[in-house]
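Right, one structure below, let's go through it.
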Amino acid sequence: MSAAPKSPGPMNPSPVNPCPTNTRLHTLGPVDQIPLGEGRAFGVDGEQVAVFRLRDGTLRALSAVCPHRGGPIADGTIDRQVVICPLHQHAFDLETGCSRTGAEPLRAYSVREDAEQNIVLHNEMNDVEN
Amino acid sequence: MTSVLDRPQGRHPVAGPRRRLVVVGNGMAGARAVEEILARGGADQFTITMFGDEPYGNYNRIMLSHVLSGEDSDADIFLNSLSWYRENSITLHANVRVDRIDKFTKHVFSNDGRVTPYDTLIIATGSRSHMPPMDGLYTPGGSVKHGVFGFRTIDDTRKMIQHAQQDHHRRAVVIGGGLLGLEAAYGLKSHGIEVEVVHSGGHLMNAQMGPDGGAILRRSVEALGIRVHTSSRTTAVLGKDRVSGVSLRDREDIACDMVVVAAGIRPNVDLAVLSGLPVERAIVVDDRLRVQDEDDIYAVGECIQHRGEVYGLVAPLWEQAVVLANHVTGADPSSAYLGSRTATKLKVAGVEVASMGLHGPELDTDEHIVFSEPSRGVFKSIVVRDNKIVGATLLGDSRKVAYLTQAYDRGLPLPEERISLMFDVGGPGGDVGVAELDDGAQVCNCNGVSKKALVDTVKGGCTTVSGAMDATRAGKGCGSCKLLVRQVVEWAADGAVEEDPAASYYVPGIPLDKPSLMDAIRKQDLRSVSEVFTALAPGSAEDAKSKMGLASLLKMMLADHYIDERDARFINDRVHANIQRDGTFSVVPQMKGGVTSVQQLRRIADVAEKHNVPLIKLTGGQRIDLLGIPKEDLPQVWADLDMPSGYAYGKSFRTVKTCVGKDFCRYGTGDSTKLGIEIESRFQGIESPAKLKLAVSGCPRNCAESLVKDVGVVAVEGGRWELYVGGAAGAHIRKGDLLATVDDPEEVKVLAGRFMQYYREQANWLERTYSFVPRVGIEHLRAVIVDDAEGIAAALDAAMQESVDSYVDPWGERDDPLTPGQFRTSLPLTVLPQVPVR
Numbered sequence: 001m002s003a004a005p006k007s008p009g010p011m012n013p014s015p016v017n018p019c020p021t022n023t024r025l026h027t028l029g030p031v032d033q034i035p036l037g038e039g040r041a042f043g044v045d046g047e048q049v050a051v052f053r054l055r056d057g058t059l060r061a062l063s064a065v066c067p068h069r070g071g072p073i074a075d076g077t078i079d080r081q082v083v084i085c086p087l088h089q090h091a092f093d094l095e096t097g098c099s100r101t102g103a104e105p106l107r108a109y110s111v112r113e114d115a116e117q118n119i120v121l122h123n124e125m126n127d128v129e130n
Numbered sequence: 131m132t133s134v135l136d137r138p139q140g141r142h143p144v145a146g147p148r149r150r151l152v153v154v155g156n157g158m159a160g161a162r163a164v165e166e167i168l169a170r171g172g173a174d175q176f177t178i179t180m181f182g183d184e185p186y187g188n189y190n191r192i193m194l195s196h197v198l199s200g201e202d203s204d205a206d207i208f209l210n211s212l213s214w215y216r217e218n219s220i221t222l223h224a225n226v227r228v229d230r231i232d233k234f235t236k237h238v239f240s241n242d243g244r245v246t247p248y249d250t251l252i253i254a255t256g257s258r259s260h261m262p263p264m265d266g267l268y269t270p271g272g273s274v275k276h277g278v279f280g281f282r283t284i285d286d287t288r289k290m291i292q293h294a295q296q297d298h299h300r301r302a303v304v305i306g307g308g309l310l311g312l313e314a315a316y317g318l319k320s321h322g323i324e325v326e327v328v329h330s331g332g333h334l335m336n337a338q339m340g341p342d343g344g345a346i347l348r349r350s351v352e353a354l355g356i357r358v359h360t361s362s363r364t365t366a367v368l369g370k371d372r373v374s375g376v377s378l379r380d381r382e383d384i385a386c387d388m389v390v391v392a393a394g395i396r397p398n399v400d401l402a403v404l405s406g407l408p409v410e411r412a413i414v415v416d417d418r419l420r421v422q423d424e425d426d427i428y429a430v431g432e433c434i435q436h437r438g439e440v441y442g443l444v445a446p447l448w449e450q451a452v453v454l455a456n457h458v459t460g461a462d463p464s465s466a467y468l469g470s471r472t473a474t475k476l477k478v479a480g481v482e483v484a485s486m487g488l489h490g491p492e493l494d495t496d497e498h499i500v501f502s503e504p505s506r507g508v509f510k511s512i513v514v515r516d517n518k519i520v521g522a523t524l525l526g527d528s529r530k531v532a533y534l535t536q537a538y539d540r541g542l543p544l545p546e547e548r549i550s551l552m553f554d555v556g557g558p559g560g561d562v563g564v565a566e567l568d569d570g571a572q573v574c575n576c577n578g579v580s581k582k583a584l585v586d587t588v589k590g591g592c593t594t595v596s597g598a599m600d601a602t603r604a605g606k607g608c609g610s611c612k613l614l615v616r617q618v619v620e621w622a623a624d625g626a627v628e629e630d631p632a633a634s635y636y637v638p639g640i641p642l643d644k645p646s647l648m649d650a651i652r653k654q655d656l657r658s659v660s661e662v663f664t665a666l667a668p669g670s671a672e673d674a675k676s677k678m679g680l681a682s683l684l685k686m687m688l689a690d691h692y693i694d695e696r697d698a699r700f701i702n703d704r705v706h707a708n709i710q711r712d713g714t715f716s717v718v719p720q721m722k723g724g725v726t727s728v729q730q731l732r733r734i735a736d737v738a739e740k741h742n743v744p745l746i747k748l749t750g751g752q753r754i755d756l757l758g759i760p761k762e763d764l765p766q767v768w769a770d771l772d773m774p775s776g777y778a779y780g781k782s783f784r785t786v787k788t789c790v791g792k793d794f795c796r797y798g799t800g801d802s803t804k805l806g807i808e809i810e811s812r813f814q815g816i817e818s819p820a821k822l823k824l825a826v827s828g829c830p831r832n833c834a835e836s837l838v839k840d841v842g843v844v845a846v847e848g849g850r851w852e853l854y855v856g857g858a859a860g861a862h863i864r865k866g867d868l869l870a871t872v873d874d875p876e877e878v879k880v881l882a883g884r885f886m887q888y889y890r891e892q893a894n895w896l897e898r899t900y901s902f903v904p905r906v907g908i909e910h911l912r913a914v915i916v917d918d919a920e921g922i923a924a925a926l927d928a929a930m931q932e933s934v935d936s937y938v939d940p941w942g943e944r945d946d947p948l949t950p951g952q953f954r955t956s957l958p959l960t961v962l963p964q965v966p967v968r
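What follows is the structure, encoded as structure tokens:
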């Protein structure tokens, strides 16, 4: 077993998108592909995103590559507040992406679970679109 | 040709030429004096040149005891690295000795032929080990006999460690039972050497305490396994080319392989005598630290005599350096040094001794308060004159030391109820002392941190002891002030001090030490990491940093009854491989005892070829490491290998290294290979507070390096096996302590298992055996594990057996991943591995 889902979920512009800006919604598949208390990584719009499922069932999403030395953030250990990069133990706030250990911040994404128990990621394309 | 003319420019251009300051001596006194001068703008006034006859920057000589005992590495004790001299534009002539001063033409002459002019000169030549007269100390050629050491410099210390670690060296005699001698004895003991202390005085540390305290100290020292001979004078060192023993007056000779002379120090005054400076017991200076009758020559540290006193301790030189710098720079011409009150502390783990001032009453009106409890090794004596402490000796209980030291130092008024000097008898106790300290009082003498600096740090929001120590560097020197630092922080935080989590908690997120944590887990029947957080964490909050330690502890305690939540594991333990810098993993199959076969090698070769493995590496633990495997390929690699995991990734039993053994080796005396394989088969994969690396050697040549393993076994002649524990040869180097010598390899397995179980139950999280063994002491371990003094041997064996029985090869998860996406890539858009294929 070596197959890993590498393709991003289908692009799915939401009809109820409250933001007039360039926010794209991505459905990344069922939440139970992420075990409680762990993270899994996804490719979204050419970016790597780590999505975490906290032990209370809620979701968090951060960019998946540690700004320090490129560590795989989705492999980190988490609690309700932070994820710790497995390579050099830099800690990042799961809500904001800010480092608690002096590293550059990770980008934070907003993410939720929809009625069908799918992961829905909001990707704000900032102001500039390329 | 002068050195000062071609030195680099200082940072600030100033009007007029700078004067030339030359410092002879680069020890703690010389360097501290220069630091104080720089702190007073000295860089603008002077071009500075320093001479040191050791080839290094300046280091903390007090900490050599810790280096010898292995508690610190020699790199830890450097105070000023060579770059410090460059940054401060100081010309350092290291490894150069100054032979003569011409005080009339103001030049110094050094042994590299250099002639250096000065305007101001500081002599800080320190002192040297005193070699008392005895026969056989020197070879006919005039050098000290091989195996005889002083204990004064970093080189002395390194040579002693080297000598002690040579295998056939087993016995040492330390001449001198003072502070330094006892620290040397303790340090050698921790290298597994049998140590005897020969002391000419009637009791140990007779310069610091009276006979009552000395007798109790003797018991504590002997309890460490160090033999003590008092009232014994060493008359000769025996042995032709190398040490074979010592002769004592009126007693039997003692056989030994090394002799450490710690019979006091003598000021280095040769230079001053030769140069015509006034020398009595040491170089005579006035209250400004100026050499008597000299306008431009100062002296500081252990080489000086001030008002008849010669000091051999570090605290006075801090005070002297301040006064000297005030005068040399002109910052405070009224500054005067009036002598120091001295206090000393013995740096021997497990034997707390602090001493200051008088040992006993001298005037009829002196009060003398004494408490003695020999069975616990506790002795306290305080001498009070005019309601001030003029002397104190404290053994075996250091709780009031910080307060008493300050009360003695500053002459604080004392409580009427004298017993509260010795014990906290309710009421404010030690806090009173802290509150009464004035703001300017120096709490940490090594780093010059005042009470006010600490208080300001705490008021600024830093309310943990460790945080305040990090912020101010207080307590980061010799460490003897840590207790006082804690008291000041607690006082400043006014009860709001946050406990330092790392201090006693097993993991940072649960406020319990290991015994209490294990107790709570048992009592509340907690089976998983999330249950532990819910039941025991403040606010039931999960803590990422605590998860791995808790998972390991629960598995150790509960074996099959543990509910394994995979999110509590570190990534390595989730995927049974060691994560590498690019997010790929390394795969090390089990190769018991480092013995392999044609079939294994062929399979490993096939796997490496099939998966295009970037790097195939032989490990130090005698296995083969396949590096650069992407996470998603791990199950296939394991399936293709069809070998069990070698556990090269966990905080667990790793491997048993073996030598060739007696089947092939012509020196082998025991079947080390067979025993190594059996040990690895038995204990494979058991988790522990930190990794465990083992070895079995078939003879004392130790080809498997058994002396530097967490558990090391050596076969010796006569079919016997030696079992060493607590060795290390990684970031830290330590020779293991001999736990037992047994006849039967089965007994080796029992004792090794019992030791490992005791370590698993008692050690702190991530505490390797090289820290654990010296912390609890080899005598204690021997009592528990070999002699079953606590009656727990059967329970330890049973607990270990349960762990052994619950072993499952984790690589079996290849066919049936335990969690969804267990082996899914975590860098989906990155092409891995990112290393070149060799």
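Here the protein sequences line up with chains A and B, keeping their order.
Here my numbering is used: the first residue of the first sequence is 1, the next is one more, and so on.
Here my numbering is used: the first residue of the second sequence is 131, the next is one more, and so on.
We treat Cβ as the ideally placed atom computed from N, Cα and C, and that holds for glycine.
Model, not experiment: these values are computed from the prediction.
Can you tell me which of the three DSSP states R944/B falls into? The residue you call residue 944/B lines up with position 814 of the second sequence. DSSP places R944/B in helix when its eight states are reduced to three.
Tell me where the beta strand (DSSP E) around A707/B begins and ends. Indexing the second sequence from 1 puts residue 707/B at position 577. Going by DSSP, A707/B is part of no beta strand (DSSP E) at all; its letter is neither H nor E.
Which residues of the segment 670-696 of chain B have a Cβ closer than 8 Å to any Cβ of chain A? Give them in chain order. The residues in question are A671, E672, D673, A674, K675, K677, M678, E695, R696.
Compare the beta carbon distance of F1031/B and L757/B with 8 Å and say whether it is the shorter of the two. Residue 1031/B falls outside the range modelled here, since chain B spans only 131 to 968, and no answer is possible.
Cβ closer than 8 Å: which chain A residues qualify as neighbours of T949/B? In the second sequence, counting from the first residue as 1, residue 949/B sits at position 819. The contacting residues are P35, E38.
Three-state secondary structure (DSSP) at Y428/B? Start at 1 with the first residue of the second sequence, and residue 428/B comes out as number 298. Strand.
Answer yes or no: does any C-beta atom of chain B fall closer than 8 Å to that of I84/A? Residue mapping note: residue 84/A aligns to position 84 of the first sequence, counting from 1. With 8 Å as the cut-off, I84/A counts as an interface residue toward chain B.
Where does V514/B fall in DSSP's three states? Position 384 of the second sequence, counted from the start, is the residue given in the question as residue 514/B. Here V514/B sits in strand by DSSP.
Within the segment 339-384 of chain B, ranges of the beta strand (DSSP E) (whole runs, at least 3 residues): If only uninterrupted beta strand (DSSP E) runs of at least 3 residues are considered, those enclosed by the segment 339-384 of chain B are 357-359, 364-368, 375-378.
Buried or exposed: where does Q729/B fall if 16 or more other Cβ atoms within 10 Å of its Cβ makes it buried? Reading the second sequence from its first residue, position 599 is the one you call residue 729/B. In the assembly as shown, Q729/B is an exposed residue. Its beta-carbon has fewer than 16 other beta-carbons within 10 Å.
Among F239/B, T459/B, E909/B, V531/B, nearest to L401/B - alpha-carbon criterion: To locate residue 401/B, count along the second sequence from 1; it is residue 271. The residue with the shortest Cα to Cα distance from L401/B is F239/B.
With a threshold of 8 Å between beta carbons, is H117/A in contact with chain B? Numbered from its first residue, the first sequence carries residue 117/A at position 117. For the sequence presented, residue 117/A should be read as Gln rather than His. Not an interface residue.
For V444/B and F902/B, I'd like the C-alpha separation in whole angstroms. For the purposes of this step, residue 444/B is identified with residue 314 of the second sequence, where counting begins at 1. For the purposes of this step, residue 902/B is identified with residue 772 of the second sequence, where counting begins at 1. When the Cα atoms are used, V444/B and F902/B turn out to be separated by approximately 30 Å.
Mind pulling the alpha helix (DSSP H) runs of 4 or more residues that sit fully within the segment 302-330 of chain B? Runs of the alpha helix (DSSP H) spanning 4 or more residues and lying entirely within the segment 302-330 of chain B occur at 309-319, in chain order.
Per DSSP, which residues does D93/A bridge with? Please list them. Walking along the first sequence from the start, residue 93/A turns up at place 93. Partner(s): V82/A.
Cβ pair count under 8 Å reaching 3, the segment 330-341 of chain B against the segment 472-487 of chain B: Judged by Cβ distances under 8 Å, the segment 330-341 of chain B makes contact with the segment 472-487 of chain B, as three or more pairs qualify.
Beta strand (DSSP E) containing M930/B: first to last residue? By 1-based counting over the second sequence, the position of residue 930/B is 800. For M930/B, there is no enclosing beta strand (DSSP E); the residue is part of the alpha helix (DSSP H) that begins and ends at 923-935.
Would you list, in sequence order, the uninterrupted beta strand (DSSP E) runs of no fewer than 3 residues that lie entirely inside the segment 801-846 of chain B? DSSP runs (the beta strand (DSSP E)) wholly in the segment 801-846 of chain B: 822-827, 841-846.
Taking its Cβ as the centre, do 16 or more other Cβ atoms sit within 10 Å of I294/B, making it buried, or is it exposed? Position 164 of the second sequence, counted from the start, is the residue given in the question as residue 294/B. Reading off the sequence shown, one finds Ala at residue 294/B, where the question assumed Ile. So A294/B counts as buried.
Would you verify that the beta carbon of D75/A is, or is not, closer than 8 Å to some beta carbon of chain B? Within the first sequence, numbered from 1, the residue matching residue 75/A stands at position 75. Interface residue, yes.
Closest Cα partner of R411/B within the set D426/B, S362/B, Q892/B, Q435/B: Here residue 411/B refers to the residue found at position 281 when the second sequence is read from its first residue. Looking at the Cα atoms, Q435/B is the closest of the given residues.
What are the boundary residues of the beta strand (DSSP E) that K475/B is part of? On the second sequence, residue 475/B is found 345 positions in, with the first residue counted as 1. Note, K475/B: beta strand (DSSP E), 473-478.
Considering only residues of the segment 709-766 of chain B, which uninterrupted beta strand (DSSP E) runs meet the minimum length of 3 residues and lie entirely inside it, listed in chain order? If only uninterrupted beta strand (DSSP E) runs of at least 3 residues are considered, those enclosed by the segment 709-766 of chain B are 715-717, 745-748, 754-759.
Quick check: does the Cβ of A294/B come within less than 7 Å of any heavy atom belonging to the ligand COA? As for the ligand COA, it is missing from this structure, which has no ligand bound.
How about F783/B and G806/B: do their beta carbons lie closer than 8 Å? Locating residue 783/B in the second sequence gives position 653, counting from the first residue. Locating residue 806/B in the second sequence gives position 676, counting from the first residue. Taking 8 Å as the Cβ cut-off, F783/B and G806/B do not qualify as a contacting pair.
With distances taken from CA atoms, which of I863/B, G857/B, D874/B, I346/B is nearest V846/B? As a working mapping, residue 846/B is identified with position 716 in the second sequence. V846/B has its Cα closest to that of D874/B, out of I863/B, G857/B, D874/B, I346/B.
K222/B versus D694/B - alpha carbon distance: Sequence index remark: in the second sequence, residue 222/B carries index 92 (1-based). Sequence index remark: in the second sequence, residue 694/B carries index 564 (1-based). The residue you asked about is not Lys; residue 222/B is Leu in the sequence shown. So the two alpha carbons sit approximately 60 Å from each other.
Does DSSP classify H910/B as helix, strand or coil? Translated into the one-based positions of the second sequence, residue 910/B becomes position 780. Of the three classes helix, strand and coil, the one that applies to H910/B here is helix, per DSSP.
Interface residues of chain A around F700/B at Cβ under 8 Å? As a first step, residue 700/B is located in the second sequence; it is residue number 570 there, counting from the start. Those are T77, P86, listed as they occur along chain A.
Less than 8 Å between CB atoms is the rule here; does I709/B satisfy it with respect to chain A? Sequence index remark: in the second sequence, residue 709/B carries index 579 (1-based). Contacts with chain A at 8 Å (Cβ-Cβ) include I709/B.
Using beta carbons (cut-off 8 Å, strictly below), is V65/A in contact with chain B? Here residue 65/A refers to the residue found at position 65 of the first sequence. Nearest CB-CB separation between V65/A and chain B: below the 8 Å threshold.
Give the C-beta separation of T803/B and V725/B to the nearest angstrom, bearing in mind that I take them to be a contact with Cβ-Cβ under 8 Å. In the second sequence, counting from the first residue as 1, residue 803/B sits at position 673. In the second sequence, counting from the first residue as 1, residue 725/B sits at position 595. Cβ-Cβ separation between T803/B and V725/B: approximately 6 Å, consistent with a contact (criterion under 8 Å).
Identify, in the order they occur along the chain, each residue of the same chain with its Cβ nearer than 7 Å to the Cβ of V878/B, setting aside the five sequence neighbours on each side. Start at 1 with the first residue of the second sequence, and residue 878/B comes out as number 748. If you ignore the 5 residues before and after V878/B, its C-beta comes within less than 7 Å of the C-beta of L805, V843, W851, L853, V872, all in its own chain and listed in chain order.
Boundaries (first-last residue) of the alpha helix (DSSP H) holding A681/B: As a first step, residue 681/B must be located in the second sequence, where it is residue number 551. DSSP places A681/B inside the alpha helix (DSSP H), whose first and last residues are 674-688.
For a contact meaning CB atoms closer than 8 Å, what does A41/A contact in chain B? Position 41 of the first sequence holds residue 41/A. Result: R954, T955, S956, L957, P958.
Element boundaries [alpha helix (DSSP H), containing E217/B]: Position 87 of the second sequence, counted from the first residue, corresponds to residue 217/B. Boundaries of the alpha helix (DSSP H) around E217/B: 212-217.
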